[in-house]
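Undergrad:
Number of protein chains: 2
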Amino acid sequence: MISISDIESAYKTLKPVVHKTPLLSSRTFNHLNGNEVYFKAENFQRIGAFKFRGAYNKLSSLTEAERKRGVIAHSSGNHAQGVALASKLFGIKAVIVMPHDSVKSKVEATKGYGAEVIFCGTTTDDRERTTDDLIDKFGYTLIHPYNDEKLIAGQGTVALEIFQDTKDLDYLFVPIGGGGLISGCALAAKNLFPNAKVIGVETEGANDCFQSFRAKKIIKLQSVNTIADGMRTLSVGMLNFEIIQKYVDNIITIKDDDIYPMMKFFLERMKILVEPTGAVAPAAVMKNALDIRGKKVCAIISGGNVDPDFLKNIL
Amino acid sequence: MISISDIESAYKTLKPVVHKTPLLSSRTFNHLNGNEVYFKAENFQRIGAFKFRGAYNKLSSLTEAERKRGVIAHSSGNHAQGVALASKLFGIKAVIVMPHDSVKSKVEATKGYGAEVIFCGTTTDDRERTTDDLIDKFGYTLIHPYNDEKLIAGQGTVALEIFQDTKDLDYLFVPIGGGGLISGCALAAKNLFPNAKVIGVETEGANDCFQSFRAKKIIKLQSVNTIADGMRTLSVGMLNFEIIQKYVDNIITIKDDDIYPMMKFFLERMKILVEPTGAVAPAAVMKNALDIRGKKVCAIISGGNVDPDFLKNIL
């Protein structure tokens, strides 16, 4: 298992290239909520999400030979863009395998960072087969979206930056997809804010980690159903789950319907654009899922990449 | 005419109550634009626009007797909310005269800050008559939206904050409605950044100050036609124009159609919500209206209060 020093070391690597994202707050939100709440705005991160951190840290650790052969990732979302941008900065060839029905704007963004996009079918099997074939053929290194120590250490720098701006948190709310962000941040937080409770948040339609945490073993869902596209993983990774079991205090779920009012509040009152997955942890605070009052709370906004059509529907 | 010390004094008054808004930048924007560009994000100011600054500074200068009688303003936009919130913080009664066809969300926001809203007809005459009647009857103090020295000094604190974050600007782009923001900021900028050129920006459909600047006298339009609702004043104020003539280097215009791509870039790439008027100065930079390269440029985002329906249409 990685330690806080891996995260500190990742931060040394990342500091020159990441945005130090702000901790935002809203008087109105605090007044309505009854807590002192801060939002870590990773929607302002490069590529619009925290995923750039882990990808860049991972790529920084590759050997010269691996860099020459190039890297591959399968993702229809922010991981694709994170790997694409990090590869561009290192001058490494990146191949991204995406389902052929991916949102056009995400495909364009990934290509815009210079990655080669290879389309595949829409099932997990299609994606993995296409990726494996390309690895066999060209020797690319797979950049896993969450089950990787270098990646976890990179995502953990989010909590390191929170600590630079505020020292005494009572609660840290983190969204859970594959578990990369929460494993890195829980490990960092428990070292930096020993009194803070780390709370993972999922949507009910993708509650694999909620179930796994209670069962004390990884449970893999057959299918997921949620508007939070960053949470549509069937299970968390093994490396992630080890850390989650050790450092996370509780995992809770919210409904998809809790996401919309939070996204609207961010947009209309705080003037920031947050994607559905990015609003999940804040939404758990907004609905006061834990019934807390007078506490100092931080919720991580994981990203801000919203499809314009989706946004139109919310408005 | 006010001096830099009036603005510094306003900042002492405002510092405990305003948000110090960030200077934002985008690698992608800079790359496309060829300049080093910063956006002063007053869309993150309290009430969602710079207007709170001037209103609060003005109210801080009222006598005890004036405070007891209360204040009045006529506005369908951000000035209404600025006066409403400032009044609430001082415990002063505020009456806002609004056309009966005002956007519902702005009426609700104004009421939400505790102001009394009085509806009137839609013409300037209706608005002024209703306001004058109420002043005659109740002795309220009129808080003018731009033609007021205390107000101008308050708005000038925007430039003071820019100077706290960056010292050596080549250009400062400022939107012009009634002239409150640009007069305060031009005066401050010419003292703080003596080498910076201050450029005022209007839309073609509300180009009164553009015309006045060239004619060297205030020209009043018969009507305006622009989506930038904060620019729908028929002329700038006398106090504003004196300062503009002395300290502004040039005034340029853009088309309404230049506003949309800038708003979209802010939302989709920078994840922030900017209202049409707030995007006017940045849009002049985006289209490189002055054909500059390699310069350090700041454009002020005046506000972020967008009607959800309008936003839907843009998307």
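Line by line, the protein sequences give chains A and B.
According to this note's numbering, the stretch in the first sequence is residues 1112 to 1426, in order.
According to this note's numbering, the stretch in the second sequence is residues 1112 to 1426, in order.
For each residue, glycine too, the CB sits at the ideal point set by N, CA and C.
(1) Just curious, the beta strand (DSSP E) that GLU1313(B) is in, first and last residue?
(2) Just to make sure I have the definition right: I need the residues of chain A whose C-beta is within less than 8 Å of the C-beta of GLY1316(B). Which are they?
(3) Please determine, among MET1349(A), LEU1426(A), PHE1304(A) and LYS1126(A), the residue with the shortest C-alpha to C-alpha distance to SER1294(A).
(4) Nearest-angstrom Cα distance between ARG1164(B) and GLU1239(B)?
(5) Does any C-beta atom of chain A lie closer than 8 Å to the C-beta of PHE1155(B)?
(6) Are there 16 or more other CB atoms within 10 angstroms of the CB of PRO1249(B), so buried, or fewer, so exposed?
(7) Determine, for LYS1423(B), whether the minimum Cβ-Cβ distance to residues of chain A falls below 8 Å.
(8) Rounded to the nearest angstrom, what separates ARG1138(A) and LYS1407(A) at their Cα positions?
(9) Just to confirm the assignment, what range does the beta strand (DSSP E) spanning PHE1284(A) have?
(10) Going along chain A, which residues have a C-beta under 7 Å from GLY1159(B)?
(11) Excluding sequence positions up to five away, which residues of its chain have a Cβ less than 6 Å from the Cβ of PHE1201(A)?
(12) Who are the Cβ neighbours of TYR1251(B) in its own chain at under 7 Å, not counting the five residues just before and after it?
(13) Measure how close the beta-carbons of LEU1125(A) and ILE1158(A) come, nearest whole angstrom, since I'm counting them as under 8 Å.
(14) Tell me which same chain residues have a C-beta within less than 7 Å of the C-beta of VAL1129(A), skipping the five on either side of it?
(15) If I measure Cβ to Cβ from CYS1296(B) and keep anything under 6 Å in the same chain, skipping five residues before and after, which residues do I get?
(16) For LYS1217(A) and MET1112(B), I'd like the C-alpha separation in whole angstroms.
(17) Applying the criterion that 16 or more other CB atoms from any shown protein chain within 10 Å of the CB defines a buried residue, is LEU1143(B) buried or exposed?
(18) Which residue wins for smallest C-alpha separation from GLY1316(B), given the options LYS1327(B), GLY1290(B), ILE1403(B) and LEU1345(B)?
(19) From the beta carbon of GLU1379(B), is the nearest beta carbon of chain A less than 8 Å away?
(20) How many Å lie between ILE1362(A) and GLY1311(B) at the Cα?
(21) Tell me which residue opens and which closes the alpha helix (DSSP H) that HIS1130(B) is part of.
(22) For chain A, check one thing: does any of its Cβ atoms lie closer than 8 Å to the Cβ of LEU1426(B)?
(23) Are MET1373(A) and MET1397(A) touching if we call contact CB-CB under 8 Å?
(24) In chain A, what lies closer than 8 Å to PRO1419(B) by C-beta?
(25) Out of ALA1191(A), ILE1354(A) and GLY1225(A), which one is the CA nearest neighbour of HIS1255(A)?
(26) Candidates LYS1301(B), GLY1291(B), ALA1390(B) and ILE1287(B): which alpha carbon is nearest ASP1367(B)'s?
(27) Measuring CA to CA, which of LYS1375(B), ALA1339(B), LYS1357(B) and ILE1403(B) is closest to PRO1387(B)?
(28) Find the residues of chain B that neighbour GLY1415(A), judging by a C-beta separation of less than 7 Å, and give them in chain order.
(29) Please state whether the Cβ-Cβ distance between SER1198(B) and ALA1226(B) is less than 8 Å.
(30) In whole angstroms, what is the alpha-carbon distance linking THR1221(B) and CYS1231(B)?
(31) For MET1381(B), does the three-state DSSP call read helix, strand or coil?
(32) Rounding to the nearest angstrom, what Cα-Cα distance links LEU1283(B) and PHE1140(B) in this structure?
(33) In whole angstroms, what separates the C-alpha of ASN1351(A) from that of GLY1288(A)?
(34) Below 8 Å between beta carbons is the criterion; list the residues of the stretch 1113–1138 of chain B that meet it against any residue of chain A, in chain order.
(35) Would you mind reading off the limits of the beta strand (DSSP E) that contains THR1233(B)?
(36) Helix, strand or coil for LYS1169(B), going by three-state DSSP, please let me know.
TA: Let me lay it out:
(1) For the purposes of this step, residue 1313(B) is taken as the residue at position 202 of the second sequence. Element bounds for GLU1313(B): 1308–1314.
(2) To locate residue 1316(B), count along the second sequence from 1; it is residue 205. In chain order: nothing, as chain A lies at least about 25 Å away.
(3) Counting from one through the first sequence, the residue named residue 1294(A) turns up at place 183. It is MET1349(A).
(4) Counted from its first residue, the second sequence places residue 1164(B) at position 53. Counted from its first residue, the second sequence places residue 1239(B) at position 128. Cα-Cα distance, rounded: 24 Å.
(5) Within the second sequence, the letter at position 44 stands for residue 1155(B). True, the Cβ-Cβ gap to chain A drops below 8 Å.
(6) Counted from its first residue, the second sequence places residue 1249(B) at position 138. Residue identity check: residue 1249(B) is Phe in the sequence provided, not Pro. The residue in question, PHE1249(B), is exposed, as its Cβ has fewer than 16 Cβ neighbours within 10 Å.
(7) On the second sequence, residue 1423(B) is found 312 positions in, with the first residue counted as 1. It does; some Cβ of chain A falls within 8 Å.
(8) The sequence position of residue 1138(A) within the first sequence is 27, counting from 1. The sequence position of residue 1407(A) within the first sequence is 296, counting from 1. Approximately 14 Å between the Cα atoms of the pair.
(9) On the first sequence, residue 1284(A) is found 173 positions in, with the first residue counted as 1. It spans 1282–1286 - the beta strand (DSSP E) in which PHE1284(A) sits, taken as one unbroken run.
(10) Working through the second sequence from its first residue, we reach residue 1159(B) at position 48. Result: LYS1382.
(11) Here the question's residue 1201(A) lines up with position 90 in the first sequence. Cβ within range, chain order: LEU1170.
(12) Translated into positions along the second sequence, residue 1251(B) becomes position 140. Taken in chain order, the residues that qualify are ARG1180, GLY1181, VAL1182, ILE1183, VAL1206 and LEU1245.
(13) Reading the first sequence from its first residue, position 14 is the one you call residue 1125(A). Reading the first sequence from its first residue, position 47 is the one you call residue 1158(A). About 13 Å; that fails the 8 Å criterion.
(14) Here residue 1129(A) is taken as the residue at index 18 of the first sequence, counted from 1. Closer than 7 Å at Cβ, skipping near neighbours: GLN1156, ARG1157, PHE1163 and ARG1164.
(15) The sequence position of residue 1296(B) within the second sequence is 185, counting from 1. These residues qualify, in order along the chain: GLY1267, VAL1269, ALA1270 and VAL1285.
(16) Start at 1 with the first residue of the first sequence, and residue 1217(A) comes out as number 106. Start at 1 with the first residue of the second sequence, and residue 1112(B) comes out as number 1. C-alpha separation (whole angstroms): 53 Å.
(17) Walking along the second sequence from the start, residue 1143(B) turns up at place 32. Under this definition LEU1143(B) is an exposed residue.
(18) Numbered from its first residue, the second sequence carries residue 1316(B) at position 205. Of LYS1327(B), GLY1290(B), ILE1403(B) and LEU1345(B), the residue nearest in Cα terms is LEU1345(B).
(19) The residue labelled residue 1379(B) in the question sits at position 268 within the second sequence. Answer yes: the Cβ-Cβ gap between GLU1379(B) and chain A drops below 8 Å somewhere.
(20) Translated into the one-based positions of the first sequence, residue 1362(A) becomes position 251. Translated into the one-based positions of the second sequence, residue 1311(B) becomes position 200. So the alpha carbons of these two residues sit roughly 52 Å apart.
(21) Indexing the second sequence from 1 puts residue 1130(B) at position 19. Where HIS1130(B) is concerned, there is no enclosing alpha helix (DSSP H), given that its DSSP letter is neither H nor E.
(22) The residue you call residue 1426(B) lines up with position 315 of the second sequence. Yes, because at least one Cβ of chain A sits closer than 8 Å to the Cβ of LEU1426(B).
(23) If you number the first sequence from 1, residue 1373(A) lands on position 262. If you number the first sequence from 1, residue 1397(A) lands on position 286. In this structure, MET1397(A) lies closer than 8 Å to MET1373(A) by Cβ.
(24) As a working note, residue 1419(B) is residue 308 in the second sequence. What PRO1419(B) touches in chain A: GLU1379 and LEU1426.
(25) Numbered from 1 along the first sequence, position 144 holds the residue referred to as residue 1255(A). Nearest option by C-alpha distance: ALA1191(A).
(26) Along the second sequence, one-based indexing puts residue 1367(B) at 256. Nearest C-alpha to ASP1367(B): ALA1390(B).
(27) Counted from its first residue, the second sequence places residue 1387(B) at position 276. For the residues LYS1375(B), ALA1339(B), LYS1357(B) and ILE1403(B), the minimum Cα distance to PRO1387(B) belongs to ALA1339(B).
(28) In the first sequence, the residue the question calls residue 1415(A) occupies position 304. Going along chain B in sequence order, the residues near GLY1415(A) (Cβ under 7 Å) are LYS1382.
(29) For the purposes of this step, residue 1198(B) is taken as residue 87 along the second sequence, with counting starting at 1. For the purposes of this step, residue 1226(B) is taken as residue 115 along the second sequence, with counting starting at 1. Closer than 8 Å, so yes.
(30) Here the question's residue 1221(B) lines up with position 110 in the second sequence. Here the question's residue 1231(B) lines up with position 120 in the second sequence. One C-alpha to the other measures close to 15 Å.
(31) Locating residue 1381(B) in the second sequence gives position 270, counting from the first residue. Three-state result, MET1381(B): coil.
(32) Counting from 1 along the second sequence, the entry for residue 1283(B) is found at position 172. Counting from 1 along the second sequence, the entry for residue 1140(B) is found at position 29. Taking the straight line from one Cα to the other gives about 17 Å.
(33) On the first sequence, position 240 is the one that residue 1351(A) refers to. On the first sequence, position 177 is the one that residue 1288(A) refers to. Straight-line Cα distance between these residues: approximately 11 Å.
(34) PRO1133 and ARG1138
(35) For the purposes of this step, residue 1233(B) is taken as the residue at position 122 of the second sequence. Run containing THR1233(B): none; DSSP gives neither H nor E here.
(36) Locating residue 1169(B) in the second sequence gives position 58, counting from the first residue. Of the three classes helix, strand and coil, the one that applies to LYS1169(B) here is helix, per DSSP.
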